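A short worksheet on the structure shown next.
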Amino acid sequence: MRRTRRQCVVYAARFDGARNPMLSPLLDVLTGPLPEDAARLFHGRGLCYEGLSFLNVDWFEPVVWAVVYGDVDDDLVASIAAALAAFGEHESRVQCVSLQRRGRGTASQEVIYGALPEVCFAREAGARYERNFSANQNVGFFLDVRPGRQWLRERAQGKRVLNLFSYTCSFSVVALQGGAAEVINIDMAKSALATGQRNHALNGLPPDVFRSTRNLEDLGPYDLVISDPPSRQKRSFEADKDYARLLQQLAPMLAPGAEILACLNAPYLGAAFLPELFEAHLKSCEYVEHLPQREDFPEKDLDCCLKMQAFRQR
């Protein structure tokens with residue numbers, strides 16, 4: 653039986669991986685078809701793969717983007733890089749494989765196959781979002797929030813939306829695509845909002861939906877509120893200390909029947925944290941649901957991963 657070039661590279665990778673059996677789950681990824689939308693190919697950070705909790709691999713066509721977290725043995729990283737580079741060489745849709753290493757507050761990046769394209773987007777549900785493949789730790793688009801974006805798209809028609817901690821405005825894009833009457837985007841980082849404006853333009857949407865925090869209450873009331881803050885950002889927001897105050901400030905801004913999608917990406921704060929805060933500090937809202945995780949983000953402990961929880965004004 654004649655083998656395809658892709659099968660050959662997988663067999664070669666498996667031969668190399670036999671010397672390090674912990675790579676088997678990663679090598680299995682290299683046999684599956686690449687998805688059409690942006691996706692996580694391998695989610696080691698979910699602690700479901702023994703010995704590979706330091707590794708994530710994402711797909712942003714035509715780029716495979718791997719991230720190694722912490723102090724990992726160089727020989728092991730080299731084996732991973734070799735397998736991914738071989739995959740890129742023999743997979744026609746891959747033009748580049750890049751590997752980023754993140755330490756404590758630092759990041760470095762190396763292209764291990766091909767070359768980074770001048771322009772690359774994250775594609776999701778018909779929308780496009782700008783990607784920044786520089787050495788910065790965050791690259792402008794969070795894959796794990798897709799269920800939240802879908803939640804917003806499904807209920808945005810005719811609504812006034814407040815998008816707090818809007819970052820590069822992916823929530824704003826889907827809200828407007830879903831027919832929102834207006835979106836107010838709030839973020840402290842001007843560079844992130846500039847990327848958000850470009851994301852709007854990429855999708856044929858008006859860019860003039862950005863506001864300062866002044867008179868935020870006067871711009872309301874809001875039918876939908878998205879709160880997706882950083883979990884721990886010094887001098888800006890620390891979830892365990894500041895989320896309660898945020899909920900108190902929201903109270904006078906909510907329209908009757910308003911819905912809130914509250915997000916929390918803090919492994920040290922469990923799934924009960926937000927419902928308890930709402931009960932204590934925003935009693936007018938009731939808990940509705942906990943949005944499911946993406947299937948390509950398997951998690952051993954759901955208390956430690958991204959929480960996306962919906963609440964409704966009574």
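Each residue of the sequence shown is one higher than the one before, counting from 653 in my numbering. Backbone N, C-alpha and C define an ideal beta-carbon position, used for all residues, glycine too. Keep in mind it's a predicted model, so treat the numbers as computed, not measured.
In the three-state reduction of the DSSP assignment, Arg-801 falls in the helix class. Shortest Cα-Cα distance from His-933 to any of Leu-913, Leu-916, Asp-894 and Asp-955 involves Asp-894. In this structure, the straight-line span from the alpha carbon of Tyr-819 to that of Leu-678 is close to 31 Å. In the DSSP assignment, Gly-696 falls outside any beta strand (DSSP E), carrying neither H nor E. Unbroken alpha helix (DSSP H) runs of no fewer than 4 residues, entirely contained in the segment 842–897, are found at 842–854, following chain order. The Cβ neighbour count for Gln-885, taken over all protein chains shown within 10 Å, is under 16; the residue is labelled exposed. Val-749 is a Cβ neighbour of Gly-740, given a cutoff of 7 Å.
Within the segment 731–814, the complete alpha helix (DSSP H) segments of 4 residues or longer fall at 798–807, listed in chain order. Bounds of the beta strand (DSSP E) holding Val-715 are 715–721. Taking C-beta separations shorter than 6 Å and ignoring five residues to either side along the sequence, the partners of Ala-923 in its chain run Asp-955 and Lys-959, following chain order. Per DSSP, the continuous alpha helix (DSSP H) segment holding Glu-931 begins and ends at 925–933. Here the C-alpha atom of Pro-858 lies approximately 26 Å from the C-alpha atom of Pro-882. The Cβ neighbour count for Ser-822, taken over all protein chains shown within 10 Å, is at least 16; the residue is labelled buried. Here the alpha carbons of Gln-945 and Asp-726 stand approximately 32 Å from one another.
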